[in-house]
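What follows is a single structure, written as structure tokens, with notes after it.
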Amino acid sequence: MKTEEWINTVEYKELNFARKSLVINPAKACQPLGAFFCASGFEGTLPYEHGSQGCAAYFRNNLSRHYREPFPAVSDSMTEDAAVFGGRANMIEGLKNAHDIYKPKMIAMCTSCMSEVIGDDLKAFISNSRDAGSIPKDFPVAYAHTPSFIGSHLAGYDNMLNGIIECLSEGRFKDGGRNGKINIIPGFDPHVENIRELRRYMSMMGVDCTVLADNSESFDSPLTGEYQMYKGRTTLDEAGDCVNAQATISMQAYASAKTLKTLKTAYGQTTESFRYPLGISAFDRFLVKVSEITGKPVPKGIKWERGIAVDAATDAHQYFHGKRFAVFGDPDVMLGLAGFIMEMGGEPAHIVCTNGTTKWGKEMQALLASSPFGAGARVYPGKDLWHMRSLLMTEPVDMLIGDSHGKYAARDAGIPQVRIGFPIVDRVNLHRYATLGYRGAINLITWIANAFIEETDRKSDDAHFELLR
Ligand code: SF4
14 MKTEEWINTV EYKELNFARK SLVINPAKAC QPLGAFFCAS GFEGTLPYEH GSQGCAAYFR
74 NNLSRHYREP FPAVSDSMTE DAAVFGGRAN MIEGLKNAHD IYKPKMIAMC TSCMSEVIGD
134 DLKAFISNSR DAGSIPKDFP VAYAHTPSFI GSHLAGYDNM LNGIIECLSE GRFKDGGRNG
194 KINIIPGFDP HVENIRELRR YMSMMGVDCT VLADNSESFD SPLTGEYQMY KGRTTLDEAG
254 DCVNAQATIS MQAYASAKTL KTLKTAYGQT TESFRYPLGI SAFDRFLVKV SEITGKPVPK
314 GIKWERGIAV DAATDAHQYF HGKRFAVFGD PDVMLGLAGF IMEMGGEPAH IVCTNGTTKW
374 GKEMQALLAS SPFGAGARVY PGKDLWHMRS LLMTEPVDML IGDSHGKYAA RDAGIPQVRI
434 GFPIVDRVNL HRYATLGYRG AINLITWIAN AFIEETDRKS DDAHFELLR
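Just so we're aligned, residue 14 is where the sequence shown starts under our numbering, counting upward by one.
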């Protein structure tokens with residue numbers, strides 16, 4: 014048997030799942046990429062990587078390709094001499110250059126593997142840089158250690174958000190005094206429109222909120238012919254005051270665990286976390302929770318939008334019913350997607366989550382057990398896209414959902430793929446569409462149902478190429 018046929022067999026799948034010391038095409042990115050992503054959501058903030066230049070180039074490149082926007086960020090370009098002597102000298106010079114040339118209001122510093130392996134101490138080096146006159150004594154430099162040999166872009170996002178809050182809130186906590194606002198943490202959400210939708214819903218409810226790390230304009234802003242380097246929408250003042258909020262709600266529990274813990278334990282806030290609440294019922298629960306916390310009712314306008322989404326779901330449920338799905342991506346996104354698919358009458362079959370932990374696996378199993386449509390699903394925490402390929406070839410499904418890296422496995426399996434996740438580098442403008450909220454639910458329903466219908470048309474012979482679908 015030829016190798017290209019053998020890798021599609023059950024025998025090969027068992028060998029593939031037995032591998033221990035090799036990862037092939039993992040569905041995750043580096044910690045500092047998540048830190049860059051987070052930092053870009055704050056006013057006048059320059060993401061800075063203390064480490065090697067190639068890492069920063071990769072993060073800029075990945076973010077630029079997904080959003081098709083320039084992504085400004087710097088590194089202090091550690092090379093062989095820094096690997097031997099440490100990166101202190103690089104940081105002293107790098108901070109001065111970054112501050113003087115790019116004139117940010119804040120620098121948000123993370124690390125790459127190189128500086129972490131050496132053991133560079135960011136806090137001490139930043140202090141050394143202030144003493145050396147690289148930056149003014151009171152210039153804010155938030156920092157987070159982000160070693161990529163543990164964690165992923167989600168840990169990087171969380172670490173950087175926590176670091177920025179700690180930096181900016183110093184001396185601002187009014188013990189017991191609340192500012193009457195709630196904080197919203199979007200998480201590592203590649204759809205900028207989701208942040209705008211969250212702001213719109215809060216505005217419709219009359220809820221005063223601080224969206225932390227609002228990078229919606231950094232990744233999507235008008236083409237005017239004039240380059241604007243800093244477009245983070247969360248002001249430094251708001252971010253510093255976020256410790257005085259009444260509560261914090263995260264849209265992605267697994268991307269914000271550390272920050273939520275800080276806000277709860279150090280600042281006494283009520284914290285709530287969701288698992289990327291895709292679909293109608295999950296978003297209902299989010300709005301109900303906001304209403305409970307703030308005392309503001311859900312207005313008629315939102316209920317009207319919900320009704321439209323229910324109608325869209327009813328119109329399209331026949332295209333989902335009984336269809337088997339394979340999905341891969343981040344832990345929160347997988348929980349959100351699985352819930353949405355089951356809500357529409359589809360059946361999640363393979364759920365691959367490279368970032369998934371045992372705890373996540375149990376949470377997913379409980380979600381699947383809550384619906385008859387989850388009965389046939391298998392959950393694969395820690396597995397990669399080469400595992401996914403074996404699953405698609407030996408236990409076929411009707412559709413793959415995940416980022417662009419899934420396209421090869423989808424093509425080999427002869428099934429359509431709907432792109433959700435990061436990065437999406439082979440389709441345009443998807444980040445400009447919401448996936449959250451009732452409009453987001455309509456988008457998801459539309460993309461998936463129409464992909465099935467297009468597949469039916471594409472495979473139909475002349476006798477079955479129907480006008481009506
Ligand atoms: S794994 Fe480490 S060295 Fe490699 S790109 Fe990511 S941060 Fe850089």
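The C-beta atom is built at its ideal place from N, Cα and C for all residues, glycine as well. As the structure is a prediction and not an experimental result, all values here were calculated from the model.
Practice problem: Would you kindly work out how many angstroms separate the C-alpha atoms of Gly369 and Lys420, rounded to a whole number? | Solution: The residue given as residue 369 occupies position 356 in the sequence shown. The residue given as residue 420 occupies position 407 in the sequence shown. Computed Cα separation, rounded: 21 Å.
Quiz item: Mind listing, in chain order, the residues whose beta carbon lies closer than 5 Å to a non-hydrogen atom of the ligand SF4?
Solution: Cys43, Cys68, Ser125, Cys126, Ser161
Quiz prompt | Residues of its chain near Cys180, where Cβ-Cβ distance is below 8 Å and the 5 sequence neighbours each way are ignored | solution = Counted from its first residue, the sequence shown places residue 180 at position 167. Excluding sequence neighbours, Cys180 sits near Met119, Pro153, Val154, Ala155, Tyr156.
Quiz item: Is the region 50-63 touching the region 444-456 in the sense that three or more CB pairs, one from each, lie closer than 8 Å?
Solution: No: the two stretches stay apart, fewer than three of their Cβ pairs being nearer than 8 Å.
Quiz item: Would a check of beta-carbon distances place Ser125 closer than 7 Å to chain D?
Solution: Among the chains of the structure shown, chain D does not appear; only one protein chain is present.
Exercise. Pull up the DSSP beta-bridge partners for Ser286, would you.
Key: Locating residue 286 in the sequence shown gives position 273, where the first residue counts as 1. In DSSP, Ser286 forms a bridge with Ser263.
Self-check item: 8 Å CB neighbourhood of Trp399 in its chain, flanking five on each side removed
Solution: On the sequence shown, residue 399 is found 386 positions in, with the first residue counted as 1. For Trp399, where only same-chain residues beyond five positions count, the Cβ hits under 8 Å are Asn29, Ile37, Asn38.
Quiz item: From Leu348, Ile195, Ser234, pick the residue whose C-alpha is nearest to that of Met218; which is it?
Solution: As a first step, residue 218 must be located in the sequence shown, where it is residue number 205. Residue Ile195 is the option with its Cα nearest to Met218.
Quiz item: Can the beta-carbon of Gly253 be found closer than 7 Å to that of Gly292?
Solution: Here residue 253 corresponds to residue number 240 of the sequence shown, with the count starting at 1. Here residue 292 corresponds to residue number 279 of the sequence shown, with the count starting at 1. Result no, Cβ atoms of Gly253 and Gly292 do not sit closer than 7 Å.
Exercise. Taking only runs that begin and end inside the region 109-152, name each unbroken beta strand (DSSP E) of 3 or more residues, in chain order.
Key: 119-124
Self-check item: DSSP state of His1 mapped onto helix, strand, coil
Solution: No answer is possible for residue 1: it lies beyond the span of the chain, which begins at 14 and ends at 482.
Exercise. Would you tell me roughly how many angstroms separate the C-alpha atoms of Val130 and Ile321, rounded to the nearest one?
Key: By one-based count along the sequence shown, residue 130 stands at place 117. By one-based count along the sequence shown, residue 321 stands at place 308. In a straight line, the C-alpha of Val130 is about 53 Å away from that of Ile321.
Quiz item: Which residues in the same chain as Lys336 place their Cβ atom closer than 6 Å to its Cβ, once the five residues preceding and following it in sequence are excluded?
Solution: As a position in the sequence shown, residue 336 is number 323, starting the count at 1. Listed in chain order, the non-local C-beta contacts of Lys336 below 6 Å within the same chain comprise Gly359, Asp411, local neighbours out to five positions each way being set aside.
Quiz item: Smallest Cα separation from Arg471: which of Thr367, Lys396, Pro436, Gly427?
Solution: As a working mapping, residue 471 is identified with position 458 in the sequence shown. Residue Gly427 is the option with its Cα nearest to Arg471.
Practice problem: Would you tell me roughly how many angstroms separate the C-alpha atoms of Ile315 and Phe299, rounded to the nearest one? | Solution: Counted from its first residue, the sequence shown places residue 315 at position 302. Counted from its first residue, the sequence shown places residue 299 at position 286. Near 13 Å, if we compare the C-alpha coordinates of Phe299 and Ile315.
Quiz item: Near Ala260, what residues of its chain come up, given a Cβ to Cβ distance below 6 Å and the 5 sequence neighbours on each side ignored?
Solution: Here residue 260 refers to the residue found at position 247 of the sequence shown. Excluding sequence neighbours, Ala260 sits near Ile195, Gln282, Thr283, Ile306.
Quiz item: With C-beta atoms as the reference, is Gln265 less than 7 Å away from Gly164?
Solution: In the sequence shown, the residue the question calls residue 265 occupies position 252. In the sequence shown, the residue the question calls residue 164 occupies position 151. Not in contact: Gln265 and Gly164 (Cβ atoms no closer than 7 Å).
Quiz item: In terms of residue numbering, what span does the beta strand (DSSP E) encompassing Arg337 cover?
Solution: Here residue 337 refers to the residue found at position 324 of the sequence shown. Its beta strand (DSSP E) spans residues 337-341.
Practice problem: Please determine if the region 332-348 and the region 367-384 are in contact, where contact requires at least 3 C-beta pairs separated by less than 8 Å. | Solution: yes
Self-check item: Candidates Leu350, Glu468, Lys136, Val311: closest to Ala295 by CA position
Solution: To locate residue 295, count along the sequence shown from 1; it is residue 282. The candidate whose alpha carbon is nearest that of Ala295 is Leu350.
Quiz item: How is Tyr393 classed by DSSP in three states: helix, strand or coil?
Solution: Numbered from 1 along the sequence shown, position 380 holds the residue referred to as residue 393. Here Tyr393 sits in strand by DSSP.
Self-check item: As assigned by DSSP and simplified to three states, the class of Leu76
Solution: If you number the sequence shown from 1, residue 76 lands on position 63. Looking at Leu76 - three-state DSSP - the assignment turns out to be helix.
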